[in-house]
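Below is one structure; the comments refer to it alone.
Residue numbers (the UniProt record's numbering): 1 to 80.
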């Protein structure tokens, strides 16, 4: 995954994150989208509705960066 320096991360808009309020899981390229899916269940302190919105953002970014995601809903993701 391409490193996202703290400086670059700090300059991202909230909308560039799966979880914008927490600024968790940037969605800036294909590797970051795959990482957001893999780490989805590790984000704490968010409601199911926030997870639903984050999943929509991840799915949009996956389409943009040509990342295959077979799950239709975050609840289908394997638990870690």
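All C-beta atoms, glycine included, are put in the ideal place defined by N, C-alpha and C.
Whole-Å CB distance - residue i paired with residue j, under 8 Å assumed
i, j, result
"residue 25", "residue 43", "7 Å"
"residue 58", "residue 36", "5 Å"
Closest residue to residue i among the options (Cα-Cα distance)
i, options, result
"residue 29", "48, 66, 7 and 54", "66"
"residue 15", "27, 5 and 6", "27"
"residue 76", "63, 51, 17 and 9", "51"
"residue 63", "11, 33, 23 and 10", "33"
Beta carbon of residue i nearer than 8 Å to that of residue j
i, j, result
"residue 19", "residue 74", "no"
Residue ranges of each alpha helix (DSSP H) run of no fewer than 4 residues wholly in the region 13–66, ordered along the chain? Counting only runs of 4 or more, we get 30–38 and 48–64.
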